[in-house]
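> Protein chains in written order, with this note's numbering: chain A, 882 to 1060; chain B, 882 to 1060; chain C, 882 to 1060; chain D, 882 to 1060. Before I ask anything, here is the structure I am working with.
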C-alpha cells in the first residue's frame, strides 16, 4: 500500500498537469452567460481574429430577438494563457450595437470563464440625445460543451447513467446542463 | 449683376443641398479625437464591416506607442444617416484591448462627428484582480481631410492663399488644420 | 399535539408573511460583497440620507487599507419596496474616490440584495491624464446578520447545534457564515 | 525702457502668482456643464462634505424637470490643489439616482474645470431587468460667476461697457455669459 500511493500520485500528475496547468484559454466554442444569453465563436485565426453568433436572452427593445453576428479579436492565441479580447455585436433586430471586452481565465479546476464588461449603444435621432444613449454592465460566460464530453468529465457522482436524462441534456457548462 | 445673383444662389443650392441635407455618415476615412489620437478606417463593406489603423496619442502603459489594428462593424451603411457602430482595437504594444461604440452624426454644417464611449481592458495575471481591469471614457472624433479639400471648402475667409501656410497643413478637420 | 400544529403554522404565517411579502429594502445594516468587502450603513433618515463605513478587501493602490467613510442617499425609504440609491466613498488611505449606485431588491426568499455599479476615480497630477482616471465595475452585496438571527432562520437543516461551531460564526449572509 | 521691463515682470508675478499658481480648486459655488445643466454647491465643510442643488437641462424620463438635491464629499479641501470628489443626485422628479465622480482642475489661465463621469441608475420593477438599468457618460463643468466678477476679470477687450449688455448677463463661465 505504501508503495502504491506515490505511483498513483505521479500518474495523476501526468494525466492532470497537461490538461490544467498549461491550459490556454481560446475563445472558440459555445458560451453562456448568467442571463441565459449564449454565443458561438468560430475558430480564431492566427492573428487572433474571430467571428460568430450571439443569441441574447434579453433586450432593451420590444423587438423580437434574433441571432446576431459578432466580430472581434483576442491577443496572441498561441502565447497567452489568459488573453484579453474584444468584440462587437451588431444587433440584427434593432439599430443598437454592443461592444464587449474582457479576459479569458482558466480557474483552478480547469474551467474556462470569460469575465466581460459591455457598452450597449442605442440609436438616437438627434445628437442632443447622445448623452443618454450608452448603457454599461458586466457578463460572465462559462463554456457550453457537448453532452458526452461533460458526462465523461463529471463522472458518476454528478452525471446520471439514465439514458432518458442524458438524452435531454444537449450542452453543459461548469455548473449545469442545458437542454 | 442683379440677374446673376439668384442664378448663383440656385446653383449653390443644387450643389450643396444633396451633400448636406441627405448626407449619410460613413466611417471610411481618417479621423482625429480631442486627445490627438487618429485612426484610418478602410472602406466599409456591404455588410457594414470594416477594419483600419488606430494611432493613439496616449497610453496607460510605459511602452512605446505603435500603430494598432482595429476591426468592427456599423449598422446599414446605405440606409441610415446616423448609424451606430462598434470596433475593437487590439493594442500592438501591450496586452490590452479597447472597444469603442458610438454613433456618427452629421451636424447642421455638414460636418461629421463620431460620439464614442470606450472600455479599456488591461491584462491582469490573476482573476482576483479582474475587478480593477476596466477603464471607461469618452472620445469625440472629427474627420480629417486632405488639405486641398478643406481649402476649397473653407473659402478665402479662413484659408490663406499664402503658399507657405498651405504647404504646412496636411489635414484639416471641422475646426483646425493638422500638420 | 395535533391541535397545536395548525396554530403554530398560522402564528408563523402571521409573523413571517408581513416580513417577506411586503418587505421593504432599507439600506441600514451590514453588507458584504463578492470580493469580501463589507460596509455598515447607519440608520437612514426620513429624507433617505445616510452615512456609514466601508471596509474594502481590495485596492488599486499599494497603500495599507483602512476603513473609509461613505455618504449617500436612497429614494423614499418608506414608500418604495426596491429603492434606488447612490453613495460616495472617500478613501481614507488614498486620494481616490468611488461612487456606487444601484437598487435594493428583495428576492423570493426574502433575502435582500444590493445590485450596484461603481466608478473608481483616481487622482491624476495633470488634466492630460484625466482620460485614464476612471475605472468601472459591478458589485453585489448581501446582508450580514448577527449569528443568532441566522441560526434561527436557517433552522436545523443548515445550522449546526454544535456550540463550538455557532460560537465561531459572527455574521451570516443569505449563503454563508462569516467569522 | 530697459529698466522698466523687469519691474513690470516682477509686478506681474506678484499680482498673478497668488491667484493662479497656488489656486486651489474648491467645489463651493455655481457650475454649468456642456448640456446646460447647472448646480450650486454649498460651502464644503472641514471634512470635505458638501450638499447642494442640481438643475438638470436633460432627462431620460418624460417627467417635468425639478431641482434636485445633491450630497457628496471631496478630498482634503485645504491640502490638495486638484481634489477628487464624488456626489449623489437623488432626482426629485423620478425614481432614478445619478452618481458623479471626478476631479477639479485649475487650467493655465486660472479657470476651474470639473471633469466628471457619471452613472445614471433607473428604477426597474424586477431584478431580471437590473442588467439594463445603468447608463454611463461624461460631463465637464465650468464655474459660473456673478456678472461683476467676470466683467472685472475679462477686462475691456471682452466685456462691454454698454449698460444694456451687462444688465442682461447674470453669470459668466470661462467662455461665455449666461442670462
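For glycine and all other residues, C-beta sits at the position ideal for the given N, C-alpha and C. This structure is a prediction, so every number in the text was calculated from the model and none was measured.
What does the alpha-carbon distance come out to for the pair residue 946 (chain B) and residue 1020 (chain B)?
18 Å
> How many Å lie between residue 936 (chain B) and residue 988 (chain D) at the Cα?
27 Å
> Can you pull the chain B residues whose beta carbon is under 8 Å from the beta carbon of residue 1017 (chain D), in chain order?
998, 1017
> Between residue 947 (chain B) and chain A, is any beta-carbon pair separated by less than 8 Å?
no
> Keeping to the same chain, check which residues put their C-beta closer than 6 Å to that of residue 981 (chain C); ignore five residues upstream and five downstream.
968, 997, 999
> Would you mind telling me which residues of chain A sit closer than 7 Å to residue 1014 (chain B), beta carbon to beta carbon, in chain order?
984
> Looking at chain A, is there any beta carbon in it that lies within less than 8 Å of the beta carbon of residue 936 (chain B)?
False, the Cβ-Cβ gap to chain A never drops below 8 Å.
> Any C-beta of chain D sitting closer than 8 Å to the C-beta of residue 922 (chain C)?
no
> Against residue 916 (chain B), what residues of chain F qualify as contacts under a CB-to-CB distance less than 7 Å, listed in chain order?
In the structure shown, chain F does not exist; the protein chains are A, B, C and D.
> Just the chain A side, please: which residues come within less than 9 Å of residue 939 (chain D) by C-beta, in chain order?
1009, 1010, 1012, 1013
> What are the boundary residues of the beta strand (DSSP E) that includes residue 1026 (chain C)?
1015 to 1027
> Can you tell which of B:1001, B:1025, B:925 has the C-alpha that lies nearest to the C-alpha of residue 978 (chain B)?
B:1001
> Can you look up residue 972 (chain D) in the DSSP assignment and give me helix, strand or coil?
DSSP places residue 972 (chain D) in the coil class of the three-state scheme, outside both helix and strand.
> Taking the Cβ atom as the reference point for each residue, do residue 1013 (chain C) and residue 938 (chain B) lie within a distance shorter than 8 Å?
no
> Could you confirm whether any beta carbon from chain A is found closer than 8 Å to the beta carbon of residue 925 (chain B)?
no
> Go ahead and pull the three-state DSSP assignment for residue 1008 (chain D).
helix
> Label residue 975 (chain C) either buried or exposed according to how many other C-beta atoms from any shown protein chain fall within 10 Å of its C-beta, with 16 as the threshold for buried.
buried
> Would you mind listing the beta strand (DSSP E) stretches within the region 912 to 982 of chain C that are 3+ residues and don't spill past its ends, in chain order?
919 to 922, 930 to 936, 949 to 955, 965 to 971
> For the region 905 to 913 of chain C against the region 909 to 924 of chain D, do three or more pairs of beta-carbon atoms, one drawn from each stretch, fall closer than 8 Å, so that the two count as touching?
In short, these stretches do not touch, since the Cβ pair count stays below three.
> So, is residue 971 (chain D) buried or exposed, given that buried needs 16 or more other C-beta atoms within 10 angstroms?
buried
> Compare the C-alpha of residue 908 (chain C) against each of C:1007, C:1008, C:994, C:1018 and name the closest.
Nearest of C:1007, C:1008, C:994, C:1018 to residue 908 (chain C), Cα basis: C:994.
> State yes or no: is the beta carbon of residue 907 (chain D) nearer than 8 Å to at least one beta carbon in chain C?
no
> Determine whether the Cβ of residue 930 (chain D) lies closer than 8 Å to any Cβ atom of chain C.
yes
> Assuming residue 948 (chain D) contacts residue 973 (chain D) (C-beta within less than 8 Å), just tell me the rounded distance between them.
Approximately 7 Å separates the beta-carbon atoms of residue 948 (chain D) and residue 973 (chain D); this is inside 8 Å, confirming the contact.
> Take the Cβ of residue 924 (chain C) as the centre, count every other Cβ of all protein chains shown within 10 Å, and call the residue buried at 16 or more, exposed below.
exposed
> Could you give the first and the last residue of the continuous beta strand (DSSP E) run that contains residue 997 (chain B)?
993 to 1002
> From the beta carbon of residue 943 (chain A), is the nearest beta carbon of chain B less than 8 Å away?
no
> Classify residue 943 (chain B): buried if its beta carbon has 16 or more other beta carbons within 10 angstroms, exposed otherwise.
exposed
> For the candidate residues D:963, D:1018, D:1008, whose alpha-carbon lies nearest to that of residue 963 (chain C)?
D:1008
> Could you say which of A:992, A:1017, A:1015, A:1010 lies nearest to residue 1025 (chain A) if we only look at CA atoms?
Relative to the Cα of residue 1025 (chain A), the nearest Cα in the group A:992, A:1017, A:1015, A:1010 belongs to A:992.
> Count the other CB atoms, across all protein chains shown, that sit within 10 Å of the CB of residue 926 (chain D); report buried if there are 16 or more and exposed otherwise.
exposed
> Taking 8 Å as the CB-CB cut-off, is residue 971 (chain D) touching chain C?
yes
> If I measure Cβ to Cβ from residue 1003 (chain A) and keep anything under 6 Å in the same chain, skipping five residues before and after, which residues do I get?
977, 1014
> Starting from the C-beta of residue 934 (chain B), find all residues in its chain whose C-beta is less than 6 Å away, skip the five residues before and the five after it, and write them out in chain order.
921, 948
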